[in-house]
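Shown next, in C-alpha cells, is the structure this report addresses.
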DNA sequence: TCTAAGGCTCACTTTTCCTGATCCATTGCG
DNA sequence: CGCAATGGATCAGGAAAAGTGAGCCTTAGA
C-alpha cells in the first residue's frame, strides 16, 4: 500500500474545506482554530502543495485542494457509512424467546433491560425455534428450554434458572376436588402446555400417583394460556415454579403437593448465542443483566432444587 | 458528516487484516505488536463489534471485519493515490524558457539546481511562449524577456538580470574592419537574433551612428547561433552582456564600443509564475536559486545599468 | 513435554495534539 | 477615516494519545 498522508490532518482539511474556513472546522471537530491551522499546515507540508489560499474572510481551495477534497470526502463518507452500519448492527440486540418464557418471564423484565441499556435497540421475536434449532445468524441471543445444551461447537450457553414442576390449580378448584392426595388428580382436568404432555408425564413418572393418566386433559399452545386456564378454574396445570411464581405468590394458584416437585426432563431455561458473539457488548450486556434478573428466581427455588434433583 | 471511527486505529486494523496478523501489521507500520493490539482493541470498542477472532497462529476476520476491510482498504487506497498524484505534481518542476536564455544561461546552470534540489524532477521546455503568452497551467515557471511585466493579475514576476546591448565581434573581425568608430558598422555584416532586428534598431536609435541601417544583415533563430556566428567572424552581433559574458570574458568576442551600451527595449530577463503557485515549494526553491545564480550576472553589469538606463 | 509463534497486558516514555493567549491582516461599518 | 470584528498564524506549556519493551498466556507442532 502506498504511503498515506496523516489521516487526522486529512480530517481537519476535509472539515475546513467543507466549511470554507478553519473556524467552522474547529467547531465541528471541537478543537481550536490553532489546531486546525496546524493540521492543515502539516498536511500541506507532507504533500508539498498548499491546499488553501488564505484570505481575509476565510480560506479558498487551491487547484490541489480542489482535487483532493472530493476524494477525501468520498473516502471518509464510505468509511463513516460502513462504520455506522457495523455500529447499528452492534446496537441492535435480536432476541428470540419461546412464547411461554417470553410472556411470563422476559417481557415483564425487558423494560428494565431497556432502561439499563438504552444504547441497545431490542428486537424480540417471541416464537419457538425452527426445526434446525437456534440460528446465531438470525438472532444474537436466544432463550432455550433445554439441558444446558451444547448443541453445536459454534454455540455457547449459560443457564438462567431450572424448570421445576408441581401441579397447581385455583384455590376454589382445590376445594371442589378435595385435592389432598395425588391420587385425587385422577378425577381432575389436566392442563397441558404442549401436545407432548411432557410436563405431566415427567411428574407422574417421578411420583407415580395411582390412576393419573398424563395422556388425558386439555392442550394449550403455551404455559401462559394453560396457567391462565388454571387460574380460571378449568383444571390443574403443571406449574413451572419460576414462570408461575406470580400466581403462586399471589395465591391465585395454589400447589396442593408442595413437596412433590420434579425437574422438567427438558431441562431448565438457558441463554444461547453464537460462540463468536458471546463476548460482544450487546450479548455480554444482556447475559449479565439476565443472569442478575434470574438470580431472584434461582433463590426462590433454590431450596427445592436439591430435593427435586433426587 | 457522520462520525468517523478513529482513523489511525483503522489504519492499524487495515494493515493487520491485510497481513492476517498483528506481527505483519506492526512491521509494516514500524511499531510494536502491542501498539497494533491496542489500536484494534480501541476500534473494536468504538464500533462495539469484534473485528478479529484471535487464534493461536494469528488472527481471523469476523463477519464484521470482513465487511469493514474492503471499504477501508478501498478508501485508503484512493486517498493514497490522490495524495501520491498531488505529491508527484509537487515534485515535478516544469520550466519553460526561450532558446537563447535556455542555451546560454539556464542549461549551463541547471545541473547546479538539480544537485541543490534533488527532490524535484525538472522538465525543461526550451521554446518561445505561444502567442497567448506564459500559461501557468502548462508550466510552473517561465523565463520571460520583457519589461517586468504584470501581464495578468494571475501572474507574478521577479526580475533576474537586465538585458544590456552592445555590438560585439571576433577580435580578427574588429581588426579587419578597423572598427574604431560606430559609423564603421555601416560596412559590417550585422547579425540579428530575430527577424525583427529589434536589438540593432534599439542600439542605433540610442546612439544614431551615421549610415548604419539595422534592416541590413543576417538573421538567426536565436542569440546563441547569432553569437556563434560572430565568434566565427561572420559579422557583428548585438551582444547581450549577460548572455555573451562567457565569450566577452574569454576574448573570443570583443566589444568595440564598450561605453555604448543600451538596454533592450524588450526589457530584461525575469521569472514568471502563476500567482497562486508563487510560494509553493518547487517554485519558491527555483526562484530563490535563480535569483542567487543571477546575482553574479547582475553584479557584472551593475556599473553599466545606470549609464544604460539614461 | 518442550519450544516457537503470536496476542495481551501493564508500567513507563515519547510523541503528538490541543489549548489559550497574542499577533496580524483584511474588511465593513459608524 | 478610524476602529472593531473576523479569521488565520504562532508559540509555550500541558494533556492526551501512541509507542515501547518486558513478561505472561495459549496453542500448534516437533
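Residue numbers (the UniProt record's numbering), protein chains in the order written: chain A, 1 to 310; chain B, 1 to 310. Virtual Cβ for every residue (Gly too), placed ideally from N, Cα, C.
Apart from the 5 residues on each side of it in sequence, residue 136 of chain A sits with its Cβ closer than 6 Å to the Cβ of 274 in its chain, given in chain order. Spatial neighbours of residue 265 of chain B in its own chain (CB-CB distance under 6 Å, excluding positions within 5 residues in sequence) are listed in chain order as 202. For the 8 Å CB-CB criterion, residue 140 of chain A and residue 103 of chain A do not form a contact.
Counting only unbroken stretches of 3 or more residues, the beta strand (DSSP E) elements lying wholly within the stretch 142-171 of chain A are 155-161, 164-168, in sequence order.
Counting other Cβ atoms within 10 Å of its Cβ, residue 14 of chain B reaches 16 or more and is therefore classed as buried. DSSP, reduced to helix, strand and coil, places residue 128 of chain A outside both helices and strands of the structure shown, so it counts as coil. Residues of the stretch 49-75 of chain B that bring their beta carbon within less than 7 Å of a beta carbon in chain A comprise 49, 50, 53, 62, 64, 67, 68, 71, 72, 75, in sequence order. Nearest CB-CB separation between residue 4 of chain A and chain B: below the 8 Å threshold. Close to residue 87 of chain B, with beta-carbon spacing below 7 Å, are these residues of chain A in chain order: 47, 48. With a cut-off of 8 Å on Cβ pairs, the stretch 252-265 of chain B is in contact with the stretch 188-208 of chain B, counting three or more such pairs.
As for any beta strand (DSSP E) of minimum length 3 sitting wholly inside the UniProt domain "HTH lysR-type" (5-62) of chain A, the runs are 52-55, 58-61, ordered along the chain. The C-beta separation of residue 38 of chain B from residue 23 of chain B comes to about 15 Å, leaving the pair out of contact by the 8 Å criterion. In terms of CA proximity to residue 3 of chain B, A:85 leads the group A:67, A:52, A:85, A:152. Counting of Cβ neighbours within 10 angstroms places residue 125 of chain A among the exposed residues, the total staying below 16. Contact between the stretch 292-304 of chain B and the stretch 187-198 of chain B is not established, with fewer than three Cβ pairs separated by less than 8 Å.
Counting only Cβ-Cβ distances below 8 Å, residue 42 of chain A has no contacts in chain B at all, with the closest Cβ about 13 Å away. Nearest to residue 98 of chain A by alpha-carbon distance, out of A:242, A:238, A:134, A:82, is A:134.
Between residue 289 of chain B and residue 116 of chain B, the CB-CB gap stays under 8 Å. By the Cβ test, the stretch 44-62 of chain B is not in contact with the stretch 73-81 of chain A, since fewer than three Cβ pairs between them sit closer than 8 Å. Residue 106 of chain A and residue 72 of chain B have their C-alpha atoms some 39 Å from each other. In this structure, DSSP gives residue 235 of chain A a state outside helix and strand, which the three-state scheme calls coil.
In terms of Cβ geometry, residue 112 of chain A and residue 165 of chain A do not form a close pair [threshold 8 Å]. Under the 10 Å beta carbon count, residue 152 of chain B is surrounded by fewer than 16 other beta carbons and is classified as exposed. The Cβ-Cβ distance between residue 232 of chain B and residue 167 of chain B does not fall below 8 Å. Secondary structure at residue 96 of chain A: strand, using DSSP grouped into helix, strand and coil. In terms of beta-carbon proximity, residue 8 of chain B lines the interface with chain A, with at least one pair separated by less than 8 Å. If you draw a straight line from the Cα of residue 284 of chain A to the Cα of residue 278 of chain A, it is about 6 Å long. Along the stretch 248-282 of chain B, going in chain order, the ones with a CB nearer than 8 Å to a CB of chain A are 276, 279, 280, 281, 282. Listed in chain order, the non-local C-beta contacts of residue 216 of chain B below 7 Å within the same chain comprise 190, local neighbours out to five positions each way being set aside. Put simply, the CB of residue 78 of chain B is near chain A, with a gap under 8 Å to one of its CB atoms.
Here DSSP, grouped into helix, strand and coil, assigns residue 191 of chain A to strand.
Put simply, the CB of residue 11 of chain B is near chain A, with a gap under 8 Å to one of its CB atoms. Note on geometry: alpha-carbon atoms of residue 244 of chain B and residue 250 of chain B lie some 10 Å from one another. Secondary-structure assignment with DSSP links residue 175 of chain B through no beta bridge to anything. Annotated as proximal: residue 5 of chain A and residue 43 of chain A, with beta-carbon spacing under 8 Å.
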